[in-house]
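Enquirer: I am attaching a structure below and will ask some questions about it afterwards.
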Amino acid sequence: MSRGSRVLTVIYIAVALWLAYCTVRTWGAVPAWTTLAMAATSLAPVLGVVRETVIADERRAVAVLREREGRRAAWRDAAAAAVARAEVEAACCERWWTSCATEHDPNCAHRTSWGTTA
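Pasting the structure below:
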């Protein structure tokens, strides 16, 4: 639960307790319908506490899903990097590509004779 949610929860509980206290204090001193209305109103902040709890649970679930997706994305990135690394290692040198396959760099691992295109 975030700090803001905790503060709201504390405020909701305080308001519910205050309304319950006022309900008990006014019992018999005011008409019954006003006392019942205040008793019903004192339950409203309880809904706020439940709401904050549900939101905290949803945020936790979203965080778990994001972490899982992040791991999957990292694995895909690692796999793509491995494929790219293999392609680069299998490719020939830059001079061979830019000279239309007529010559190689001196330290090219795939060096073939100058006249071939492979």
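Using the working numbering, read the sequence shown as starting at -2 and increasing by one per residue. Every residue, glycine too, gets a C-beta built ideally from N, C-alpha and C. Keep in mind it's a predicted model, so treat the numbers as computed, not measured.
(1) Under the assumption that Leu14 contacts Glu49 (Cβ atoms under 8 Å), give the Cβ distance between them as a whole number of angstroms.
(2) For the alpha helix (DSSP H) that contains Trp30, what are its first and last residues?
(3) Taking the CB atoms as reference points, tell me whether Pro42 and Tyr9 lie closer together than 8 Å.
(4) Let me confirm a value: Ser39 is counted as buried when at least 16 other C-beta atoms fall within 10 Å, else exposed. Which label applies?
(5) Which residues mark the beginning and the end of the alpha helix (DSSP H) in which Cys97 is found?
(6) Could you give the distance in angstroms between the alpha-carbon of Pro28 and the alpha-carbon of Val21?
(7) Check whether the Cβ atoms of Trp24 and Thr31 sit closer than 8 Å, and answer yes or no.
(8) Keeping to the same chain, check which residues put their C-beta closer than 7 Å to that of Gly67; ignore five residues upstream and five downstream.
(9) For Ala128, which of helix, strand or coil comes out of DSSP?
(10) Output the distance between the C-alpha atoms of Glu55 and Val7, rounded to the nearest integer angstrom.
(11) Taking the alpha-carbon positions, what's the Ala70 to Ala60 distance?
Expert: In terms of the structure at hand:
(1) About 16 Å separates the two Cβ atoms, so there is no contact after all.
(2) Note, Trp30: alpha helix (DSSP H), Ala29 to Thr38.
(3) Yes, Cβ-Cβ distance for Pro42 and Tyr9 is below 8 Å.
(4) Burial state of Ser39 is buried, judged by a 10 Å Cβ sphere holding 16 or more other Cβ atoms.
(5) Note, Cys97: premise wrong, no alpha helix (DSSP H); not H, not E.
(6) Computed Cα separation, rounded: 13 Å.
(7) no
(8) none
(9) The shown model of the chain, from -2 to 115, leaves out residue 128, and the question about it has no answer.
(10) Distance between the alpha carbons of Glu55 and Val7 is about 20 Å.
(11) Distance between the alpha carbons of Ala70 and Ala60: 15 Å.
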